[in-house]
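Residue numbers (the numbering used here): 3 to 251. Single-structure report; data block below.
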């Protein structure tokens with residue numbers, strides 16, 4: 003667990019990954035985590051002082067946000083950009099749990115995000131562009147699946163190799179089971195988490211590679227997917243400028 007912000011499971015900076023376009027992902031811009039709702043005021047204030055985060059890209063469902071909240075981030079004036087990633091057929095109207103099925107249920111779920119809510123996926127990455135390099139925290143609830151897909155696609159779009167993306171995806175794997183167990187006490191999840199397959203309680207880096215390979219096969223790559231859902235070539239260039247430090251050789 004990170005010692006500075008122990009309630010913010012899965013928190014980390016995304017930086018240092020090499021790009022085939024030149025340079026590497028710059029530090030101090032892109033962060034990811036699970037839900038910030040468990041932060042206390044003092045810890046949240048320390049987080050903002052340490053990172054200068056000005057906004058969050060919140061990938062949770064609308065009713066999930068309403069039921070769970072954002073902790074003290076509203077009070078601290080952190081911008082709230084929302085893009086509800088569609089997770090499938092929910093078990094009830096107030097739940098955020100949808101069954102994950104198939105021979106490769108995690109990858110099948112990730113691909114469903116793109117099939118059922120492509121505008122939300124592209125919109126979340128577009129917000130990173132609109133922030134123009136200002137520090138941003140991308141999060142969902144656990145910080146592995148919805149967040150993992152957005153971070154992976156943003157990195158792939160700026161030329162980061164799938165293997166490096168998988169390495170980043172696999173970080174802090176020891177916190178995922180704790181995060182999943184914490185869902186049991188949340189209004190949007192509860193005991194319905196028992197419907198999730200065992201694969202959901204772990205991080206398997208190969209899952210994100212298989213997902214990205216499928217995006218390449220189905221959509222012609224992440225950049226082509228984004229261009230098909232509201233991005234322009236200029237926005238892709240701006241994403242590169244926001245995320246890449248090309249002074250690093």
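All residues carry an ideal CB built from backbone N, CA and C; glycine is no exception.
(message) Between the alpha carbons of residue 134 and residue 29, how many angstroms are there, rounded?
(response) So the alpha carbons of these two residues sit roughly 14 Å apart.
(request) Give the secondary structure of residue 3 by DSSP, where H, G and I count as helix, E and B as strand, and everything else as coil. (result) Residue placement at residue 3 cannot be trusted, given a pLDDT of 46 that sits under 50; what the coordinates show is reported in the next sentence. Assignment of residue 3 by DSSP, reduced to helix, strand and coil, places it in the coil class.
(request) Provide the residue span of the beta strand (DSSP E) that contains residue 81, from first to last. (result) Start and end: 81 to 84.
(request) Please confirm whether residue 145 and residue 12 have their CB atoms less than 8 Å apart. (result) Contact flag set, yes.
(request) Using 10 angstroms around the beta-carbon of residue 51, count the other beta-carbons present and answer buried if the total reaches 16, otherwise exposed. (result) That one is exposed.
(request) Measure the C-alpha to C-alpha separation of residue 154 and residue 171 and round it to an integer number of angstroms. (result) Cα to Cα, the separation comes out at about 8 Å.
(message) Assuming residue 249 is part of the beta strand (DSSP E), what are its boundary residues?
(response) Premise fails: residue 249 is in no beta strand (DSSP E) and is neither H nor E.
(message) Going by DSSP, what residue range makes up the alpha helix (DSSP H) through residue 58?
(response) Counting along the chain, residue 58 sits inside no alpha helix (DSSP H); it lies in the beta strand (DSSP E) bounded by residues 57 to 60.
(message) What does the alpha-carbon distance come out to for the pair residue 10 and residue 137?
(response) Residue 10 and residue 137 have their C-alpha atoms some 17 Å from each other.
(request) Compare the Cα-Cα distances from residue 149 to each of 23, 226, 58, 43 and report the closest residue. (result) Considering only alpha carbons, the answer is 58.
(request) Counting only the same chain and skipping the five closest in sequence on each side, list residues whose C-beta sits under 6 Å from that of residue 179. (result) Cβ neighbours of residue 179 beyond the five flanking positions: 203.
(message) Buried or exposed, going by whether 16 or more other CB atoms sit within 10 Å of the CB of residue 60?
(response) Residue 60 counts as buried, since no fewer than 16 other beta carbons sit within 10 angstroms of its beta carbon.
(request) Can you grab the Cα-Cα spacing for the pair residue 198 / residue 72, in whole Å? (result) Residue 198 and residue 72 have their C-alpha atoms roughly 24 Å apart.
(message) Any contact between the stretch 124 to 132 and the stretch 204 to 222? By contact I mean 3 or more CB pairs, one from each, below 8 Å.
(response) The stretch 124 to 132, when compared against the stretch 204 to 222, does not touch it at the 8 Å Cβ threshold.
(message) For the stretch 156 to 175 against the stretch 95 to 113, do three or more pairs of beta-carbon atoms, one drawn from each stretch, fall closer than 8 Å, so that the two count as touching?
(response) Verdict: no, contact absent.
(request) Indicate whether residue 246 and residue 40 have their beta-carbon atoms separated by less than 8 Å. (result) No. Outside cutoff.
(message) Give me the DSSP bridge partner(s) of residue 50.
(response) According to DSSP, residue 50 shares a beta bridge with no other residue.
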